[in-house]
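Q:
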Amino acid sequence: MAGAELFRGDFQAYSFTRHFHSEASFGAMQSGVMRSWHRDRNYTLQPDTVIMFNPGDVHAPFPADSRRWSFRMFYLQDELFERLSLQISATPIRFTEAFRLDPQLADKILELHKKLEGHCEAIEFECRMLNVLEHVAQRHAEKACTIPSTAPSGSVARMREYIHAHAEEQISLEALANVGHLSMYHALRSFREALGLPPHKYLLQVRIERAKNMLQRGEPIVDVASTLGFSDQSHLTRHFKRVFGVPPAQSLRRVV
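In UniProt numbering, the protein residues as written are 1 to 256.
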């Protein structure tokens, strides 16, 4: 995703010098224990700790002991961070604390980070990142006026129809929101509340159902995966089994 940089740190006997980042950055501890200097204090960070720095926040991680420690971070350029945070808040998000034990948010951050190392479309990144920033805005950011969540009549239906009509294409949350005449955050919340799934997971379900029909018609699985936007055959097989409980080959044998 343009404007988003990922970093995965795995260290042992290494101490960072005091430094800052010019963009908003946030992440989570993954394993081990590290310490970090920030605003004239030393903090101890363990797994499930969320890390949040506003641009210019000076900090310096260092080992807590002789064991290894690892963490994952996002660095979002100003334009992207402001565009996403203004979907959720009337003003750009500013973190109120650098470190906070928050297992639920840490899980969301780590899951998205790992997703982006593999196959992750724009719509999934946007949905997951807005979900992360919503959590941050509610619990770890300066308070601002939130945006109303009531969707105009017909918005969700139009977005749903758009997904079905364009399921074989690369769909962005921004395009979906435009169809519903909503902000991206508003579109995400309204869709999820009405249909029980966020847009990227609904799109995946539509693709899996189409894959099943195409395979039953005898189309090669490699072609089906490519047509429906899966990165490869194994990517399709993995998600197919999660939905139907068996891989495509077994599903076809059952139909025959």
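A virtual CB, placed ideally from N, CA and C, is assigned to each residue, including glycine. Computed from a predicted model, the values in this text were never measured in an experiment.
Using the Cβ count rule (16 or more neighbours within 10 Å means buried), how would you classify F7?
A: exposed
Q: Give me the Cα-Cα distance between A157 and V179, rounded to the nearest whole angstrom.
A: 10 Å
Q: Specify the secondary structure class of G56 as computed by DSSP and reduced to three states.
A: coil
Q: 8 Å is my cut-off, CB to CB: does K114 come that close to chain B?
A: Here there is only one protein chain, and chain B is not present.
Q: Within the same chain, show all residues whose beta-carbon is closer than 7 Å to that of L215, passing over the 5 residues directly before and after it, in chain order.
A: I221, V224, P248, L252
Q: For R128, which of F230, L110, E79 has the nearest alpha-carbon?
A: L110
Q: In whole angstroms, what separates the C-alpha of P103 from that of V206?
A: Just so you know, the alpha carbons of P103 and V206 end up roughly 31 Å apart.
Q: Can you tell which of I163, A167, R72, R192 has the C-alpha that lies nearest to the C-alpha of L116?
A: Measuring from the Cα of L116, the nearest candidate turns out to be R72.
Q: Would you kindly work out how many angstroms separate the C-alpha atoms of M34 and H19, rounded to a whole number?
A: Their backbone Cα atoms lie some 17 Å apart in a straight line.
Q: Which runs of the alpha helix (DSSP H) fall wholly inside the segment 14–89 and span at least 4 residues, in chain order?
A: 78–85
Q: By the three-class DSSP mapping on this structure, what secondary structure does D102 have?
A: coil
Q: Do A137 and I88 come within 8 Å of each other at the CB atom, strictly closer than that value?
A: yes
Q: Determine the closest residue to L80 out of R210, H186, A24, I163, with distance taken between C-alpha atoms.
A: The option with the nearest alpha carbon to L80 is A24.
Q: Who are D10's beta bridge partners in DSSP?
A: S70, per the DSSP bridge assignment.
Q: Return the CA-CA distance between A194 and H166, expressed in angstroms with no decimal places.
A: 20 Å
Q: Note down the Cα distance separating H119 from S231, rounded to an integer number of angstroms.
A: 6 Å
Q: By a C-beta neighbour count over all protein chains shown, 10 Å radius and 16 as the cutoff for buried, is T49 buried or exposed?
A: buried
Q: Where does A98 land, buried or exposed, given buried means 16+ other C-beta within 10 angstroms?
A: buried
Q: Do F74 and A141 come within 8 Å of each other at the CB atom, strictly closer than that value?
A: The Cβ-Cβ distance between A141 and F74 does not fall below 8 Å.
Q: So, for D65: in the same chain, excluding its five sequence neighbours on each side, which residues have a beta-carbon less than 8 Å away from its beta-carbon?
A: V33
Q: Tell me whether the beta-carbon of E126 lies closer than 8 Å to the beta-carbon of M184.
A: yes
Q: Once the 5 residues before and after P61 are set aside, which same chain residues still bring their CB inside 6 Å of it?
A: F16, M34, S36
Q: Per DSSP, what are the beta-bridge partners of E111 in this structure?
A: Answer is none; E111 lacks a bridge partner.
Q: What residue range does the alpha helix (DSSP H) around V132 cover?
A: 122–139
Q: Kindly indicate which three-state DSSP category H166 falls into: helix, strand or coil?
A: DSSP, read as helix, strand or coil, puts H166 in coil.
Q: Spatial neighbours of V243 within its chain, please: C-beta separation below 6 Å, excluding the five flanking residues on both sides.
A: I208
Q: In its own chain, which residues sit with a C-beta less than 8 Å from the C-beta of K108, not counting the 5 before and 5 after it?
A: R128, N131, V132, H135
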